[in-house]
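S.K.: Just remember that the numbering used here sits 1441 ahead of the position in the sequence shown, which is counted from 1.
The C-beta atom is built at its ideal place from N, Cα and C for all residues, glycine as well.
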Amino acid sequence: MTKFKQTYPTDLKYTEWLLIMDFFSTSHMGRSRKWEMWQIINAILYVVRTGCQWRMLPKDFAPWQTVYGYFRRWKRQGLWERINEALVKTVRVQAGREPKPSAVIIDSQSVKTSEGGEQRGVDVHKQTPGRKRHIIVDTLGLLLMVLVHSASIQDGRGGYQTLQKLFDKIKLNVHNRWCRLKLIWADGAYISIVKEVRKHFGWQLDIVRRSDKAKGFEILPHRWIVERTFGWLGRYRRLSRDFEHTVSSSESVVYIASIRRMLKLATN
């Protein structure tokens, strides 16, 4: 067994690794391994934080093919999303909140893509070619859900798809931690789906509008929370644009950035 150590600023601390190590237990991972799972995680975190290509991983990490293979396997297993869910609960409880949020905020962000890849389009309002990231966060700004799709899809439709994804998760498990959800805040781009959300999901979608009298920059109630989360995610250079070939990989990178931030919150 390799002794746990930190080499790069992006590496996990041992206390952070303890919070997630059970997700990577040997009994779940098959045959014996040459590399410790924390070494693989550190390599993935390095890619997400620095934005380097998989092939450009420093030589003191595991071979890039091995690291990328684990990233892709865990993506297909939905592991990144499950770890994110567990950490949201941990951080909320530590902050004195109920583990299940009753109110959330939804918003989108258009980002350019590299050449190639699925679901690429142009955001006609922002004239941004690429994809949109729709995220749902709680009132602490913790990421609850992400959906990536073509930038050509309008916010109303993309937002509805994101809420549908959340609703489907709830239906799969009546004990799901989102079952307290009653209220969603959003901007005016989502006004077209207010009635649909109420009818199909039973949630109240409140539109937070900018004041007609406001001049220049204005901090809007609740909406600043999700904008702050986008700012936090933007510190991870792999998210400076969408470099991923598939939207499932794009979503996984967002979850990984969220996981990294929450590990720091949970251990500080």
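(1) From what residue to what residue does the alpha helix (DSSP H) around MET1703 run?
(2) Looking only at its own chain, which residues have a Cβ that is under 6 angstroms from the Cβ of GLY1519, when we skip the five neighbours before and after it?
(3) Out of ALA1707, LEU1680, ASN1709, HIS1686, which has the shortest C-alpha to C-alpha gap to TYR1696?
(4) DSSP three-state call for ALA1544: helix, strand or coil?
(5) If you drop the 5 nearest sequence neighbours on each side, which residues of the same chain put their C-beta closer than 7 angstroms to that of ASP1596?
(6) Start and end of the beta strand (DSSP E) containing ALA1592?
(7) Since LYS1446 is in the beta strand (DSSP E), which residue starts that stretch and which ends it?
(8) Which term fits ILE1648, buried or exposed, when burial requires 16 or more other beta carbons within 10 angstroms of its beta carbon?
(9) Is HIS1575 helix, strand or coil when you go by DSSP?
(10) Pull up the distance between the alpha-carbon of ARG1496 and that of VAL1638, whole angstroms please.
(11) Check each candidate in GLN1568, GLY1562, LYS1567 and name the one with the smallest Cα separation from VAL1589.
M.R.: Taking the structure as given:
(1) Along the sequence shown, read from residue 1 onward, the residue named residue 1703 stands at position 262. Run containing MET1703: 1688-1708, per the alpha helix (DSSP H) assignment.
(2) Indexing the sequence shown from 1 puts residue 1519 at position 78. The answer is none, since no qualifying residue turns up.
(3) Counted from its first residue, the sequence shown places residue 1696 at position 255. Comparing Cα-Cα distances from TYR1696 to each of ALA1707, LEU1680, ASN1709, HIS1686, the minimum goes to LEU1680.
(4) Locating residue 1544 in the sequence shown gives position 103, where the first residue counts as 1. Looking at ALA1544 - three-state DSSP - the assignment turns out to be strand.
(5) If you number the sequence shown from 1, residue 1596 lands on position 155. Closer than 7 angstroms at Cβ, skipping near neighbours: SER1549, ALA1630, TYR1631.
(6) The residue labelled residue 1592 in the question sits at position 151 within the sequence shown. First-last for ALA1592: undefined, no H or E at that position.
(7) Mapped onto the sequence shown, residue 1446 falls at position 5. Taken as a continuous stretch (DSSP letters only), LYS1446 belongs to no beta strand (DSSP E), as it is neither H nor E.
(8) Your numbering for residue 1648 matches position 207 in the sequence shown. Label assigned to ILE1648: exposed.
(9) In the sequence shown, counting from the first residue as 1, residue 1575 sits at position 134. If DSSP states are grouped into helix, strand and coil, HIS1575 belongs with the strands.
(10) Residue numbering aside, residue 1496 sits at position 55 when the sequence shown is read from its first letter. Residue numbering aside, residue 1638 sits at position 197 when the sequence shown is read from its first letter. Computed Cα separation, rounded: 43 angstroms.
(11) Here residue 1589 refers to the residue found at position 148 when the sequence shown is read from its first residue. The shortest Cα separation from VAL1589 among GLN1568, GLY1562, LYS1567 belongs to GLY1562.
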